[in-house]
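> Chains as they are written, first to last, in my numbering: chain A, 9 to 124; chain B, 7 to 120. No residue lacks a Cβ here, since even glycine has one placed at the ideal position from N, Cα and C.
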Amino acid sequence: EAQVTQNPRYLITVTGKKLTVTCSQNMNHEYMSWYRQDPGLGLRQIYYSMNVEVTDKGDVPEGYKVSRKEKRNFPLILESPSPNQTSLYFCASSLKLDILAKNIQYFGAGTRLSVL
Amino acid sequence: QKEVEQNSGPLSVPEGAIASLNCTYSDRGSQSFFWYRQYSGKSPELIMFIYSNGDKEDGRFTAQLNKASQYVSLLIRDSQPSDSATYLCAVNLLSNFGNEKLTFGTGTRLTIIP
């Protein structure tokens, strides 16, 4: 089954304790992205990756890191989490983000993070 | 001005009626547009995408695109209670680095009243 898998689904942590949210896709997609979703602010892109070893900042990258060492995996790293990073996080992937191609983004189930 | 704007709602529509959701975007060069549905606490799922001016129909859903006016809309015919959700408009915008990136509106919350 084609899917984007995020782990963990729920996470409660404390300020300053490093954490990693994993994302894996089994569709051989080139493009992967991380979003956070907050009430009233919608989905905002944190980082994206066009392919292996190619990553770029989205709209709200501060406080986050990513890496893309393998095509299927795109982990999100919070080196020193703070309470303002409490949010619902989604990973997404697509074959490629090409305006002329009928590619769509597939979303993971989400990770609800609380930073105390 | 926000890059992608939607009325946050809530929009209440009687069951069986037509629900009309609207979205405007700022980048005149945008060429691909998407509508996602999101149930509370769940991930967004794609309903429709449209690239050309005009209408595109898929079952009870019709996407409409008007590039000259920079708006895209979604019509839901014969609305059902299961259509109650938040609908996200997404637009491919050109980033500062020349890459296309998908930018989402804040969503419109739709409630279908039985």
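#1: From the DSSP output, read off the bridge partner residues of residue 78 of chain B.
#2: Return no unless some Cβ of chain B is closer than 8 Å to the Cβ of residue 49 of chain A.
#3: Taking the beta carbon of residue 14 of chain A as the centre, do at least 16 other beta carbons fall within 10 Å, making it buried, or is it exposed?
#4: Going along chain B, which residues have a C-beta under 8 Å from residue 112 of chain A?
#5: Can you give me the start and stop residues for the beta strand (DSSP E) that residue 14 of chain A sits inside?
#6: Looking at residue 40 of chain A and residue 99 of chain A, is the spacing between their C-beta atoms short of 8 Å?
#7: Within 10 Å of its beta-carbon, does residue 50 of chain B have 16 or more other beta-carbons around it, so buried, or fewer, so exposed?
#8: Out of A/116, A/66, A/83 and A/62, which one is the CA nearest neighbour of residue 52 of chain A?
#9: Per DSSP, what kind of secondary structure is residue 59 of chain B in: helix, strand or coil?
#10: Check distances from the C-beta atoms of the stretch 57-77 of chain B to those of chain A and list, in chain order, the residues that come in under 9 Å.
#11: Check whether the Cβ of residue 56 of chain A lies closer than 8 Å to any Cβ atom in chain B.
#12: If contact is defined by three or more beta carbon pairs under 8 Å, each pair taking one atom from either stretch, is the stretch 27-42 of chain A in contact with the stretch 81-90 of chain B?
#13: Among A/50, A/63 and A/122, which has the Cα closest to the Cα of residue 14 of chain B?
#14: Could you tell me which of B/120, B/56, B/96 and B/119 sits nearest to residue 8 of chain B, measuring between CA atoms?
By the coordinates alone:
#1: Within the second sequence, the letter at position 72 stands for residue 78 of chain B. B/29 and B/71.
#2: Residue mapping note: residue 49 of chain A aligns to position 41 of the first sequence, counting from 1. With 8 Å as the cut-off, residue 49 of chain A counts as an interface residue toward chain B.
#3: The sequence position of residue 14 of chain A within the first sequence is 6, counting from 1. Counting Cβ neighbours within 10 Å, residue 14 of chain A comes out buried, since at least 16 surround it.
#4: Walking along the first sequence from the start, residue 112 of chain A turns up at place 104. Within 8 Å Cβ-Cβ: 40, 52 and 55.
#5: As a working note, residue 14 of chain A is residue 6 in the first sequence. Start and end: 12-15.
#6: For the purposes of this step, residue 99 of chain A is identified with residue 91 of the first sequence, where counting begins at 1. For the purposes of this step, residue 40 of chain A is identified with residue 32 of the first sequence, where counting begins at 1. Yes, Cβ-Cβ distance for residue 99 of chain A and residue 40 of chain A is below 8 Å.
#7: For this step, residue 50 of chain B is matched to residue 44 along the second sequence. It counts as buried.
#8: Residue mapping note: residue 52 of chain A aligns to position 44 of the first sequence, counting from 1. Of the candidates A/116, A/66, A/83 and A/62, the one whose C-alpha sits nearest the C-alpha of residue 52 of chain A is A/66.
#9: Translated into positions along the second sequence, residue 59 of chain B becomes position 53. Note: residue 59 of chain B maps to coil in three-state DSSP.
#10: 57
#11: To locate residue 56 of chain A, count along the first sequence from 1; it is residue 48. Yes, residue 56 of chain A lies at the interface with chain B (some Cβ there is under 8 Å from its Cβ).
#12: no
#13: The count along the second sequence starts at 1 and reaches residue 14 of chain B at position 8. The residue with the shortest Cα to Cα distance from residue 14 of chain B is A/50.
#14: Position 2 of the second sequence, counting from 1, holds the residue named residue 8 of chain B. Of the listed residues, the one whose Cα sits closest to residue 8 of chain B is B/96.
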